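Here's the structure we're looking at; comments come further down.
Number of protein chains: 2
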Amino acid sequence: MNTPIRVVIADDHRLMLDGLKQGLTSLPDIDVVGTAVDGTSLGAVVAHAKPDVLLVDVEMPGMSGLSAISRLKDLPPTIVVTMHTAESYGKSAREAGAVAFLSKGLPLPDLAAAIRAVADGQYLFDQDLDEVLSGYRTPQLSSRAEAITERERDVLRCLVQGISGTEDIADELYISQKTVKNHLASIYEKLSVNDRAQAVVEAMKLGLDRKW
Amino acid sequence: MNTPIRVVIADDHRLMLDGLKQGLTSLPDIDVVGTAVDGTSLGAVVAHAKPDVLLVDVEMPGMSGLSAISRLKDLPPTIVVTMHTAESYGKSAREAGAVAFLSKGLPLPDLAAAIRAVADGQYLFDQDLDEVLSGYRTPQLSSRAEAITERERDVLRCLVQGISGTEDIADELYISQKTVKNHLASIYEKLSVNDRAQAVVEAMKLGLDRKW
DNA sequence: TCATCAATGGGTCGTGCGACCCATAAAGGA
DNA sequence: TCCTTTATGGGTCGCACGACCCATTGATGA
Numbered sequence: 114m115n116t117p118i119r120v121v122i123a124d125d126h127r128l129m130l131d132g133l134k135q136g137l138t139s140l141p142d143i144d145v146v147g148t149a150v151d152g153t154s155l156g157a158v159v160a161h162a163k164p165d166v167l168l169v170d171v172e173m174p175g176m177s178g179l180s181a182i183s184r185l186k187d188l189p190p191t192i193v194v195t196m197h198t199a200e201s202y203g204k205s206a207r208e209a210g211a212v213a214f215l216s217k218g219l220p221l222p223d224l225a226a227a228i229r230a231v232a233d234g235q236y237l238f239d240q241d242l243d244e245v246l247s248g249y250r251t252p253q254l255s256s257r258a259e260a261i262t263e264r265e266r267d268v269l270r271c272l273v274q275g276i277s278g279t280e281d282i283a284d285e286l287y288i289s290q291k292t293v294k295n296h297l298a299s300i301y302e303k304l305s306v307n308d309r310a311q312a313v314v315e316a317m318k319l320g321l322d323r324k325w
Numbered sequence: 114m115n116t117p118i119r120v121v122i123a124d125d126h127r128l129m130l131d132g133l134k135q136g137l138t139s140l141p142d143i144d145v146v147g148t149a150v151d152g153t154s155l156g157a158v159v160a161h162a163k164p165d166v167l168l169v170d171v172e173m174p175g176m177s178g179l180s181a182i183s184r185l186k187d188l189p190p191t192i193v194v195t196m197h198t199a200e201s202y203g204k205s206a207r208e209a210g211a212v213a214f215l216s217k218g219l220p221l222p223d224l225a226a227a228i229r230a231v232a233d234g235q236y237l238f239d240q241d242l243d244e245v246l247s248g249y250r251t252p253q254l255s256s257r258a259e260a261i262t263e264r265e266r267d268v269l270r271c272l273v274q275g276i277s278g279t280e281d282i283a284d285e286l287y288i289s290q291k292t293v294k295n296h297l298a299s300i301y302e303k304l305s306v307n308d309r310a311q312a313v314v315e316a317m318k319l320g321l322d323r324k325w
């Protein structure tokens, strides 16, 4: 199972910070491991959380996002975001050590893609963002989840929707009860669980309920 | 069960919009039923989604948030948010028909509290925000969920954590297997389900996994 | 004072569930 | 060509689960 990408977010607007944190954490392959509301505390947070990717707002009171990251040594791959669409900060962001420069006008899934991209070593300064991001749009599911076949997913979806009885699932999918049991047995093995309740928990943790 | 509060959000920054949407939707008592990225489309969205509460950013290109809402008739209780801490827009917001004016520096849980407050008929313009919000901090759980007792929640928490066997739960909580079964039976009745898998699903839908 | 409810516990009964054995048809890659 | 995987199905067995019945303690409130 690919370990999730560890991200630290810095933004002085708590609403933005909390929203991003929530939105990114809900993705199965991204973990928000720390946050900062100003430039001065950022160093300590990064040193402690050891993120794979750093996400910083340019506009911050006191120390700006750019001076904050240029002051860090051992800077992880860093994405700088701004409210302005203008590329005014683009050059300075690069000079400060950032590997990506994005607008806050971007949809959240694109930011997620950008995080995956920079975690993968990409640089994102140019205009053809879409081209680079397209390769990173789908959340990387863990290997265990990938092993779940189409039909097994159907069964799992029934469980997550509250259809838990063998007979109910069989009726829902137009197959025999025995086949349902066979699929469940495969699911249990692949998810390392041993009953329906645990399967539901694992399915939700892996994000299998959100991507279909 | 109290129906969730229906909210429409308008913000030109997609990152903020998507983040807020995600963060608010994850609350058990709030539903985001529509979004707009500019002032012009807001009217149509509100007319279609019929929200209980409207959340609007002041700073938006084209038509500002304020002129957008002042143009609406049948305006639902409206919260205006701004990036600036300054109360510069406060008066204009009131004049435009808003019932609350908040900074984006607010933590997300406070925004959620504010939404509950205005849905309840409160006005939020003054400085003693904390006092008003304090009464709305905890998400209003549905009546069914409220009926779940302390000990039953312990059992439910075990389930959500993947401890599903009767004996395992009994060991975890230092009680007999019989007591576990009794608690489970009560849970099933209160949640209108009939096995552990369905109980897990319901617990997560009601947000019982996030508030303890 | 008395009733109610939460939490703890007992027992019994039937069946649904999970673990194991197996087979067959179709599809797809080596 | 053959082997692997997927989806479909059969059977058996033992135990755990859920549905009922019940009691005792302590707290809380009418």
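Quick mapping for you: the protein sequence lines, in order, are chains R and H.
Just so we're aligned, residue 114 is where the first sequence starts under my numbering, counting upward by one.
Just so we're aligned, residue 114 is where the second sequence starts under my numbering, counting upward by one.
The beta-carbon is built from N, C-alpha and C at its ideal position, and this holds for glycine as well.
Source: prediction; values computed, not measured.
Is residue i helix, strand or coil when you go by DSSP?
i	result
GLY248/R	coil
LEU321/H	coil
ASP243/H	helix
ALA149/R	strand
ILE282/H	helix
ALA123/R	strand
ILE118/R	strand
LEU130/R	helix
SER180/H	helix
THR262/H	coil
SER289/R	coil
VAL159/H	helix
SER154/H	helix
ALA213/H	strand
ASP223/H	helix
ILE300/H	helix
ILE192/R	strand
ILE143/H	strand
Could you name the residues of chain R that residue i contacts, counting a contact when the two beta carbons are closer than 8 angstroms?
i	result
VAL145/H	Per Cβ cutoff of 8 angstroms: no residues; VAL145/H is ~11 angstroms from chain R at best.
ARG309/H	ASP308, ARG309 and ALA310
Chain H partners of residue i, CB-CB under 8 angstroms?
i	result
LEU167/R	Simply none; closest approach about 16 angstroms.
GLN135/R	GLY132, GLN135, GLY136, SER139 and LEU221
LEU224/R	LEU128
Going along chain R, which residues have a C-beta under 7 angstroms from residue i?
i	result
LYS217/H	HIS126, LEU128 and MET129
SER277/H	ASP308, ALA310 and GLN311
TYR173/H	Looking at the sequence provided, one finds Met at residue 173/H rather than Tyr. Within 7 angstroms Cβ-Cβ: nothing; MET173/H doesn't reach chain R, min ~11 angstroms.
LEU319/H	None at all; the shortest Cβ gap to chain R is about 12 angstroms.
VAL314/H	VAL273, GLY275 and VAL313
Any idea if residue i is buried or exposed, counting beta-carbon neighbours within 10 angstroms, 16 or more meaning buried?
i	result
ARG309/H	buried
ARG250/R	exposed
ASP170/R	buried
GLY136/R	buried
PRO220/H	exposed
HIS296/H	buried
ARG323/R	exposed
ASP187/R	exposed
ALA227/R	buried
SER289/R	exposed
MET258/R	Rather than Met, the amino acid found at residue 258/R in this sequence is Ala. When all chains shown are included, ALA258/R counts as buried.
GLY248/H	exposed
SER277/H	buried
LYS217/H	buried
HIS126/H	buried
LYS291/R	exposed
ALA335/H	Beyond the ends of chain H as shown, which are 114 and 325, falls residue 335/H; an answer cannot be given.
GLY234/H	exposed
ALA225/H	buried
VAL191/R	A small correction: the amino acid at residue 191/R is Thr; Val does not occupy that position in the sequence shown. The residue is buried, with at least 16 neighbouring Cβ atoms inside 10 Å.
THR195/H	buried
Would you check if there are 3 or more beta carbon pairs closer than 8 angstroms linking the segment 259–268 of chain R to the segment 236–250 of chain R? no
Could you say if the segment 114–123 of chain R and the segment 155–166 of chain R meet the contact criterion of at least three C-beta pairs nearer than 8 angstroms? yes
Any contact of the segment 309–319 of chain R with the segment 267–277 of chain R, i.e. 3+ C-beta pairs under 8 angstroms? yes
Three-pair Cβ contact test at 8 angstroms for the segment 145–155 of chain R versus the segment 146–165 of chain H: no
For the segment 184–196 of chain H, which residues have a beta carbon sitting closer than 9 angstroms to at least one beta carbon of chain R? VAL194 and MET196
In chain order, what residues of the segment 228–251 of chain R put their CB closer than 8 angstroms to some CB of chain H? none
Contact residues within the segment 263–288 of chain H, judged by C-beta distance below 7 angstroms to chain R: LEU272, VAL273, GLY275 and SER277
Would you check if there are 3 or more beta carbon pairs closer than 8 angstroms linking the segment 207–223 of chain R to the segment 178–194 of chain R? yes
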